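In the working numbering, the protein residues as written are 7 to 347.
Glycine included, C-beta positions come from ideal geometry on N, C-alpha and C.
Quick caveat: nothing in here was measured; it's all calculated off a predicted structure.
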């Protein structure tokens with residue numbers, strides 16, 4: 007039975023999700039030899055242009071493969087209608103030389119958009135459970151000719167965003183610094199990752215969550231990190247917001263566990279807080295933002311993300327500075343009209 011070649015891959019496990027898209031791309035290349043490949047973002051291109059690529063593409067290439075990221079932004083009635091019409095076209099011609107992958111860091115998208123995608127073509131890539139993260143790390147090091155001390159596993163997971171893409175990128179640094187056969191220790195992790203840690207959404211969150219400092223001090227340090235990130239060649243505010251959102255959602259889990267009396271070692275471990283450094287970080291963060299303020303912060307991050315996606319580079323810098331100010335000083339509340347003026 008023919009299945010419309012539209013796919014919806016969502017969720018925070020970026021590594022496995024991107025691997026799945028890459029595997030589909032390799033299969034298409036194996037079948038057709040060469041493909042007309044495009045990776046696009048909803049913030050940069052109209053859906054009409056995306057569908058035009060799929061309909062026309064390169065006349066000298068036998069297949070078309072488009073990855074459209076930021077699918078959670080596809081909510082407009084006209085966009086849903088355009089995509090629905092394209093799906094009907096595919097059903098009529100039963101094309102096997104075109105693919106459209108809709109990708110989102112969120113776990114859900116507009117229900118009308120989701121309904122256009124065949125059930126078998128939808129997949130949510132959830133964050134791994136902690137035992138899987140540990141197994142993945144140990145396997146990754148072993149495949150590359152290295153061993154890991156158990157405490158080193160916990161230390162890595164406390165320092166690096168817990169998706170396989172971030173873990174793969176960060177842990178590859180060990181393979182440059184040590185010869186094969188080396189057993190990575192906690193001291194090695196401290197030396198390679200902690201002391202030489204590049205600024206990221208997670209170091210920014212750490213600065214904002216440093217409960218031992220006054221709000222103005224936390225703001226100053228956070229704005230300094232934001233400036234370093236802005237000057238980085240890999241600067242990407244959408245990814246930065248996604249990372250901060252992950253941290254605040256994690257903080258919400260912490261608050262929920264605490265509210266239900268569930269801060270036992272077992273509950274902490276199964277919810278991703280097994281490392282002592284991770285526990286210390288979120289215990290400190292919980293002293294700054296209570297549950298309601300954490301939810302406000304998540305909403306503010308979502309609003310800022312949508313503003314940047316819709317308005318582009320013109321508002322990026324000032325929007326991010328306002329975001330950091332609101333998180334540090336106003337505990338997640340948005341700026342009032344008076345403060346903006």
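Query	Result
Beta strand (DSSP E) runs contained entirely in the stretch 129-166, provided each spans 3 or more residues	none
Identity of the residues DSSP links to residue 42 by a beta bridge	70
Cβ-based burial, residue 156 [other Cβ within 10 Å; buried from 16]	exposed
Start-end ranges of the alpha helix (DSSP H) lying completely within the stretch 81-124, minimum 4 residues	83-99 and 117-121
Assigned secondary structure, residue 51 (DSSP; H/G/I helix, E/B strand, else coil)	coil
Within 8 Å, strictly: CB atoms of residue 133 and residue 24	no
C-alpha distance - residue 173 paired with residue 267, whole-angstrom precision	31 Å
Status (buried if at least 16 other CB within 10 Å, exposed otherwise) for residue 310	buried
The beta strand (DSSP E) enclosing residue 16, as first and last residue numbers	12-16
Straight-line Cα distance separating residue 48 from residue 181	36 Å
Same chain, Cβ closer than 7 Å to residue 17, neighbours up to 5 away in sequence not counted	23, 113, 130, 131 and 132
Straight-line Cα distance separating residue 186 from residue 246	33 Å
Supposed close pair residue 302, residue 339 - CB separation, criterion 8 Å	6 Å
C-beta contact flag for residue 15 and residue 28 at 8 Å	no
For residue 191, the three-state DSSP class (helix, strand or coil)	coil
Proximity below 8 Å, CB of residue 67 to CB of residue 106	no
Sufficient close CB pairs (3 or more, under 8 Å) joining the stretch 219-235 to the stretch 187-194	no
Residue environment, residue 344, which counts as buried when at least 16 other CB atoms sit within 10 Å	Summary for residue 344: the model assigns pLDDT 44, below 50, so the residue's position carries little reliability, and this model does not support an answer.
For residue 333, the nearest candidate out of 313, 318 and 306 (CA to CA)	306
Beta-bridge pairing of residue 75 - partner residues as DSSP gives them	47 and 109
Inter-residue CB distance, residue 125 and residue 86 (contact presumed, cutoff 8 Å)	With a Cβ gap of about 18 Å, residue 125 and residue 86 do not count as contacting.
Which listed residue (275, 175 and 79) has its alpha carbon closest to that of residue 259	275
Burial state of residue 179, where buried means 16 or more other Cβ atoms lie within 10 Å	exposed
Whole-angstrom C-beta distance between residue 208 and residue 177, which should lie under 8 Å	Not a contact, Cβ separation roughly 15 Å.
Cβ-Cβ distance between residue 128 and residue 103 below 8 Å	no
Residue environment, residue 387, which counts as buried when at least 16 other CB atoms sit within 10 Å	It is not possible to answer for residue 387, since the shown part of the chain is limited to 7 through 347.
Between the CA atoms of residue 272 and residue 374 - distance to the nearest angstrom	This structure gives no information on residue 374, because the portion of the chain shown stretches from 7 to 347.
Contact under 8 Å by Cβ, residue 335 with residue 215	no
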